[in-house]
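A quick write-up on the structure given underneath.
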Amino acid sequence: LCFRLITFCLDAKTGRELWQREVRRERIQITYKANDPASPTPAADESGVVAFFPEFGLVSYTKEGKERWTSRLGPFKNFYGMSGSPIIDGNKVILVCDQQSGSFVLALDRRTGRQLWKIDRPGMTISWSTPMIFRPNAKQADLIVLGATRLDAYDLASGAQRWWLPVASGGAMGTPVAFGDTLMISALGSND
Numbered sequence: 015l016c017f018r019l020i021t022f023c024l025d026a027k028t029g030r031e032l033w034q035r036e037v038r039r040e041r042i043q044i045t046y047k048a049n050d051p052a053s054p055t056p057a058a059d060e061s062g063v064v065a066f067f068p069e070f071g072l073v074s075y076t077k078e079g080k081e082r083w084t085s086r087l088g089p090f091k092n093f094y095g096m097s098g099s100p101i102i103d104g105n106k107v108i109l110v111c112d113q114q115s116g117s118f119v120l121a122l123d124r125r126t127g128r129q130l131w132k133i134d135r136p137g138m139t140i141s142w143s144t145p146m147i148f149r150p151n152a153k154q155a156d157l158i159v160l161g162a163t164r165l166d167a168y169d170l171a172s173g174a175q176r177w178w179l180p181v182a183s184g185g186a187m188g189t190p191v192a193f194g195d196t197l198m199i200s201a202l203g204s205n206d
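Residues in the sequence shown are numbered from 15 upward in steps of one, following this note's numbering.
Below, the structure written as C-alpha cells:
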C-alpha cells in the first residue's frame with residue numbers, strides 16, 4: 015500500500031479546504047502495520063506550516079500554500095516508523111529523529127530551511143516523542159527531549175547539551191509539559 019504525502023489547509027470557520035500540496039516520496043519505508051507516513055503532526059504559525067514525512071523529510075509552506083523550502087531526511091531505522099513531530103519556536107523549526115541508530119535533533123531556520131545546528135544523540139534508540147521549549151526564567155530557553163532512556167535539555171540557541179536525567183521507558187511517546195519552573199514527564203513502565 016502506497017500512501018500519498020499530502021499537506022492540506024482547512025478554513026477553521028467552515029472546514030472548507032483552502033489548498034492541498036503533495037510531495038513525492040524519496041523512498042517507501044516499511045513500517046509496522048498500525049502506522050503510516052502521516053503519523054507526525056504538522057507545526058504551524060502565523061506565516062505557514064511545516065510538515066514532516068519520514069519518507070521525504072521536512073517541507074515548509076506559506077499560509078497560502080506556496081512551497082517555501084524542503085529539507086530531505088532519512089532513510090530512518092525504526093521498526094514501528096517515525097512519529098515525532100516538528101515544532102516551531104520563533105525563527106527555528108526543530109525536529110527530533112530517534113531511531114535504532116543514528117539518532118539526532120535538528121534545528122532549521124524557519125524562513126529558509128538552512129540548518130542552524132544538528133546534534134547527534136549517541137546511544138539513543140527508538141522513541142516517538144515531540145520536544146518542547148522550556149523557559150524556566152527570562153534568560154534561558156531549553157529544548158527538552160524525552161527519549162527511551164533519558165530526558166535531555168539542550169540550549170535552544172546552539173544545541174549544546176545543558177543536562178540530562180536517566181529515565182526507564184520502553185520507548186518514549188509523550189511530550190513533556192511545564193508549569194512554572196517544573197517539568198513533568200510520563201514514561202512507559204513495566205514490572206521488570
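Where is the CB? At the ideal position from N, CA and C, for every residue including glycine. Nothing here was measured: the structure is a model prediction, and the numbers come from that model.
Assign residue i to buried or exposed, taking buried as 16 or more other Cβ atoms, counted over all protein chains shown, within 10 Å of its Cβ.
i: Val191; result: exposed
i: Met198; result: exposed
i: Arg172; result: The question names Arg, but residue 172 is Ser in the sequence shown. Flag for Ser172 reads exposed.
i: Glu31; result: exposed
i: Gln34; result: exposed
i: Ala26; result: exposed
i: Leu24; result: exposed
i: Thr21; result: buried
i: Lys106; result: buried
Consult DSSP for residue i and reduce its assignment to one of helix, strand or coil.
i: Pro100; result: coil
i: Leu87; result: coil
i: Phe22; result: strand
i: Ile140; result: coil
i: Tyr207; result: Because residue 207 is not part of the residues shown, which for the chain are 15 to 206, the question remains open.
i: Val181; result: coil
i: Thr28; result: coil
i: Arg35; result: strand
i: Asp112; result: coil
i: Asp59; result: strand
i: Phe17; result: coil
i: Phe93; result: coil
i: Lys80; result: coil
Going by DSSP, what residue range makes up the beta strand (DSSP E) through residue i?
i: Asn151; result: Met146 to Asn151
i: Lys132; result: Gln129 to Asp134
i: Phe66; result: Gly62 to Phe67
i: Met198; result: Thr196 to Met198
i: Ile44; result: Counting along the chain, Ile44 falls outside any beta strand (DSSP E), and DSSP gives it neither H nor E.
i: Ala171; result: Per DSSP, Ala171 belongs to no beta strand (DSSP E) and is neither H nor E.
i: Asp156; result: Gln154 to Leu160
i: Phe70; result: Looking at the DSSP string, Phe70 is not in any beta strand (DSSP E), and its letter there is neither H nor E.
i: Asp50; result: Looking at the DSSP string, Asp50 is not in any beta strand (DSSP E), and its letter there is neither H nor E.
i: Ala192; result: Val191 to Phe193
i: Ala121; result: Phe118 to Asp123
Can you give the beta carbon distance from residue i to residue j, rounded, assuming they're within the 8 Å contact cut?
i: Leu72; j: Leu109; result: 7 Å
i: Ser143; j: Gly188; result: 6 Å
i: Glu40; j: Arg86; result: 6 Å
i: Pro68; j: Phe93; result: Incorrect: roughly 13 Å between the Cβ atoms, too far for contact.
i: Leu160; j: Tyr168; result: The pair is not a contact, with the Cβ atoms about 12 Å apart (cut-off 8 Å).
i: Trp178; j: Asp195; result: Going by Cβ atoms, the distance from Trp178 to Asp195 rounds to 18 Å, so no, they are not a contact pair.
i: Ala155; j: Ala182; result: No, Ala155 and Ala182 are not in contact; Cβ-Cβ is about 28 Å, not under 8 Å.
With contact counted as at least three CB pairs below 8 Å, one residue from each stretch, are the segment 47 to 57 and the segment 97 to 109 in contact?
-> yes
Could you tell me whether the segment 34 to 45 touches the segment 121 to 139, where touching means 3 or more Cβ pairs closer than 8 Å?
-> no
Would you call the segment 140 to 154 and the segment 120 to 129 touching, i.e. three or more CB-CB distances under 8 Å?
-> Verdict: no, contact absent.
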